[in-house]
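Laid out in structure tokens, this is it:
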């Protein structure tokens with residue numbers, strides 16, 4: 001009995017230490033300490049719920065759901081267990097599952113205004129999801145937005161706009177409202193007319209792409225994106241100026257054509273005596289991206305880069321990041337390579353800010369256009385037949401060959417299982433074999449899995465990204481796997497360094513360079529994110 005009482009007391013002391021680590025944003029340390037407390041007293045729901053919260057901060061939503069579920073098992077009336085699990089489901093885009101948990105929170109705490117507010121927001125999210133599902137077009141019938149845009153005809157003359165089309169559609173709308181007035185009466189017709197005016201107005205004026213005479217920003221002359229244009233655009237972005245939509249269209253559409261012709265696995269050749277730089281997640285941190293170029297030089301044929309996915313989301317300068325990377329690729333295709341990350345997807349962009357930012361800085365049409373282009377991004381790269389570079393990680397089965405990856409049909413949204421999913425989502429683990437993903441998607445894989453994949457494909461090293469690291473990088477699996485993360489002080493709160501790897505041919509020995517975050521304008525991360533998600537930040 002005395003020993004049990006001692007364990008309970010010691011567990012409480014460790015919990016206090018864990019809470020302090022959490023407050024200091026040392027979430028990994030907090031998880032370790034909560035684990036120690038749980039080992040001493042596994043029947044305290046608070047420890048499980050607190051560890052779930054720490055997992056959420058590290059984007060380990062699968063682990064957060066497991067811990068929150070355990071907290072509920074220990075104490076079915078502990079509201080924070082449902083709250084933490086609901087928040088993790090929400091972060092994964094599983095709104096319907098989240099709604100059930102917040103309904104339970106409201107049932108346990110009927111007079112809690114915070115619970116009421118979050119439940120209402122969750123109900124809105126689920127209703128919006130159902131509406132989007134109801135009006136969605138089957139994949140086989142979907143038409144590409146990119147095919148409806150000809151940037152050559154935009155802004156070339158006063159008569160080059162789509163004004164005749166707009167006038168025609170407006171006339172149809174007026175006729176539609178008139179018919180409604182006869183059928184339903186004036187009151188109903190007035191309400192519909194108001195909706196039509198708002199929608200048409202947003203489409204008409206928000207969709208304008210004429211280059212106004214007073215526009216003084218970066219301009220592309222003809223079809224060629226030049227270094228002078230890119231430098232001017234980057235300077236404008238640094239000063240929080242926007243690129244005109246006409247040129248944004250040109251960059252994104254040219255990028256689409258370029259990417260569509262590439263295989264899902266791209267081979268990169270670095271000549272002897274030359275170097276090659278690999279960067280990890282940037283996540284909309286434009287000013288840190290500029291700092292990388294200041295430290296390591298702008299991309300060029302003599303100074304090539306690979307950016308390994310997750311260019312957007314969370315950081316609130318994602319539009320600036322993606323247009324800069326795309327423009328550099330248009331300027332010189334061999335100067336920069338781009339790989340898809342798990343955040344180059346509709347489901348992530350809808351939640352974590354990119355969709356809202358694009359809608360705010362560009363237009364609704366660009367939301368669809370970026371989604372289409374992201375589906376064209378390659379899934380992996382191999383440098384000199386020796387270094388395999390992928391955003392996430394390896395596979396749930398052995399025997400996967402590079403030819404299998406090259407054969408993946410990537411022109412779609414990422415599925416929830418299979419090779420493409422695992423390339424984008426998986427993570428390494430410190431013990432052998434395979435295990436469930438701490439994220440709830442993909443899997444975890446050990447050093448033996450890494451070793452066998454390298455042997456099967458005659459490779460020397462795996463470079464991947466996908467995880468924030470305190471030093472900006474981590475070397476694992478007996479030196480055969482390197483995680484590289486290039487977003488320092490991630491989300492303005494993690495305090496981590498950023499890093500990139502510089503390879504020198506022919507030996508391709510990785511030289512890792514770390515760097516710290518630089519100041520940026522006072523626009524908080526997640527400023528454009530889903531309203532409901534921001535409530536949990």
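In full-length UniProt numbering, the protein residues as written are 1 to 537.
A virtual CB, placed ideally from N, CA and C, is assigned to each residue, including glycine.
If you follow the beta strand (DSSP E) that residue i is part of, which residue opens it and which one closes it?
i: residue 511; result: 509-515
i: residue 279; result: 275-279
i: residue 220; result: Taken as a continuous stretch (DSSP letters only), residue 220 belongs to no beta strand (DSSP E), as it is neither H nor E.
i: residue 499; result: 498-504
Which residue comes first and which comes last in the alpha helix (DSSP H) that contains residue i?
i: residue 356; result: 354-361
i: residue 256; result: 245-260
i: residue 409; result: Looking at the DSSP string, residue 409 is not in any alpha helix (DSSP H), and its letter there is neither H nor E.
i: residue 234; result: 227-238
i: residue 325; result: 318-331
i: residue 50; result: 45-57
i: residue 9; result: 2-23
i: residue 38; result: 27-40
i: residue 373; result: 364-374
i: residue 315; result: No alpha helix (DSSP H) contains residue 315, which DSSP labels as neither H nor E.
i: residue 66; result: 61-74
Using C-beta distances below 6 Å, list every residue in its chain close to residue i, excluding the 5 sequence neighbours before and after it, in chain order.
i: residue 75; result: 45
i: residue 530; result: 351
i: residue 390; result: 380, 423, 464
i: residue 88; result: 56, 61, 64, 65
i: residue 172; result: With a pLDDT of 47 at residue 172, under the threshold of 50, the modelled position of that residue is not reliable, and the figure given next carries that caveat. Nothing listed; no residue qualifies.
i: residue 446; result: 429, 431, 432, 433
i: residue 475; result: 482
i: residue 168; result: Because residue 168 carries a pLDDT of 46, less than 50, the predicted location of this residue cannot be relied on, and no value is offered for it.
i: residue 342; result: 424, 425
i: residue 449; result: 394
i: residue 466; result: 391, 392
i: residue 232; result: 218
i: residue 59; result: none
i: residue 152; result: none
Note down, in chain order, each residue of its chain lying with its Cβ closer than 7 Å to the Cβ of residue i, except the 5 sequence neighbours on either side.
i: residue 314; result: 283, 284, 352, 353, 491, 525, 526
i: residue 408; result: 264, 379, 419, 420
i: residue 402; result: 265, 382, 457
i: residue 585; result: Since the displayed the chain opens at 1 and closes at 537, residue 585 lies outside it and no answer follows.
i: residue 31; result: 51, 54, 55
i: residue 377; result: 259, 338, 339, 340, 344
i: residue 92; result: 61, 440
i: residue 516; result: 488, 497
i: residue 452; result: 398
i: residue 359; result: 367
i: residue 468; result: 485, 490, 494, 496
Starting from residue i, follow its DSSP beta bridges and name the residues at the other end.
i: residue 267; result: 382
i: residue 300; result: 303
i: residue 549; result: Within the shown structure, residues of the chain are numbered from 1 to 537, placing residue 549 beyond reach of any answer.
i: residue 337; result: 306
i: residue 483; result: 464, 474
i: residue 397; result: According to DSSP, which records beta bridges pairwise, residue 397 is partnered with nothing at all.
i: residue 387; result: 383, 461
Report all residues from its chain with a CB closer than 8 Å to the CB of residue i; omit the five preceding and five following residues, and keep chain order.
i: residue 159; result: At residue 159, the pLDDT of 39 sits below 50, so the modelled position is not reliable; the number obtained from the coordinates is stated separately. No residues qualify anywhere along the chain.
i: residue 375; result: 410, 411, 412, 413
i: residue 405; result: 264, 265, 379, 380, 419, 423
i: residue 215; result: 244
i: residue 105; result: 79, 82, 83, 86, 112, 115, 118, 119
i: residue 399; result: 456
i: residue 7; result: 40, 41
Segment contact, 8 Å Cβ cut-off, at least three pairs: the segment 359-378 with the segment 433-453: Counting C-beta pairs with one atom in each stretch, the segment 359-378 and the segment 433-453 have fewer than three that are closer than 8 Å, which means they do not touch.
contact_flag[the segment 249-262, the segment 367-383] where n(CB pairs < 8 Å) is 3 or more: Cβ pair count under 8 Å is three or more, so yes.
Note down, one range per segment and in chain order, each alpha helix (DSSP H) of at least 4 residues found wholly within the UniProt repeat "TPR" (79-112). Taking only runs of at least 4 residues, the alpha helix (DSSP H) segments lying wholly in the UniProt repeat "TPR" (79-112) are 79-91, 95-108.
Check whether the segment 328-339 and the segment 507-523 are in contact - that is, three or more C-beta pairs closer than 8 Å. No: fewer than three Cβ pairs fall under 8 Å.
With contact counted as at least three CB pairs below 8 Å, one residue from each stretch, are the segment 101-121 and the segment 133-149 in contact? Segment contact: the segment 101-121 against the segment 133-149, fewer than three CB-CB distances shorter than 8 Å; contact not assigned.
Could you tell me whether the segment 16-24 touches the segment 32-41, using the rule of 3 or more Cβ pairs below 8 Å? Contact between the segment 16-24 and the segment 32-41 is present, because at least three Cβ pairs lie under 8 Å.
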